[in-house]
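One structure is given below, encoded as structure tokens.
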Amino acid sequence: MYRNKNSTEMEKAKTVQIGDELEHVWTCSNLRANQFIFVHDCFVNPEFSLGNDPPLIDSNGCAVDETGIGEIKYSSDGKTATSKHLAYKFADYPNLLFKCSITICKAYSCKFTDGTSISLPLNCAQKRSPRATKFLSQNNKNNSIELSEIVNVEEVLTHEALDREDPHSK
């Protein structure tokens, strides 16, 4: 379920505008006192799996790119997790599907892949992979986005142009 910033009620996000604030909420109410939910391995895709869906939350429960989905925050009892982000879309696709894995953990029995115990709150600064430390910064003067890595747009455009058929060659 999602909560639009203009609403106090949980609802299915039927129609949103790009830039609307959305809140993902995961809840499991029938947990024992020593149990909590752990949200991890979240992906987003346009309507159907493309086989290379961009990861949003890694296996450690940490945001890979907070523009795709924000940091997951947990309630003090561990029964609810939330994440906020601004609505966006992929070109040529009107809908997005968010898919996340949720594990019900018993205190100190759930482990990360490195063998350390999962406990709340998560410490993503220690778990973050080097790739996840890349950042985007927005230049508010001209509303542009600045990447921390070089992206070779010319090469991408050249390949796209070659893939299209030349209408004058017929």
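Take the sequence shown: its position 122, counting from 1, is numbered 1489 in my numbering, and each next residue is one higher. We put the beta carbon where it would ideally sit given N, CA and C, even for glycine.
Item: So the candidates are I1469, F1465, I1485; which of them puts its Cα closest to the Cα of V1411?; Value: F1465
Item: Between S1476, Y1455, D1481, which has its C-alpha nearest E1388's C-alpha?; Value: Y1455
Item: Using the Cα positions of T1449 and S1442, report the straight-line distance between them to the nearest angstrom.; Value: 8 Å
Item: Report back the beta-carbon spacing between I1439 and H1452 to the nearest angstrom; my notes put them in contact at under 8 Å.; Value: About 11 Å; that fails the 8 Å criterion.
Item: Have a look at the DSSP bridge pairing and note the partners of Q1402.; Value: K1473
Item: Less than 9 Å between the C-beta atoms of K1446 and I1404, yes or no?; Value: yes
Item: Output yes or no for whether 9 Å exceeds the beta carbon distance between P1422 and D1459.; Value: no
Item: Looking at the unbroken beta strand (DSSP E) that takes in K1451, where does it start and where does it end?; Value: 1447-1453
Item: So what does F1465 bridge to, in DSSP terms?; Value: V1411
Item: What is the rounded straight-line gap between the Cα of Q1402 and the Cα of I1471?; Value: 7 Å
Item: Classify A1458 as helix, strand or coil using the three-state DSSP reduction.; Value: coil
Item: Let me make sure I understand the geometry here. Which of S1426, I1485, E1433, I1385 has the alpha-carbon closest to that of H1407?; Value: S1426
Item: State the beta-bridge partners of S1484 as determined by DSSP.; Value: K1478
Item: In terms of residues, what are the limits of the beta strand (DSSP E) holding I1424?; Value: 1422-1424
Item: Which residues in the same chain have their Cβ closer than 7 Å to the Cβ of I1385, if we skip the five residues on either side of it in sequence?; Value: A1454, Y1455, K1456
Item: Apply the 10 Å Cβ neighbour rule to G1482 and answer buried if 16 or more other Cβ atoms are within range, or exposed otherwise.; Value: exposed
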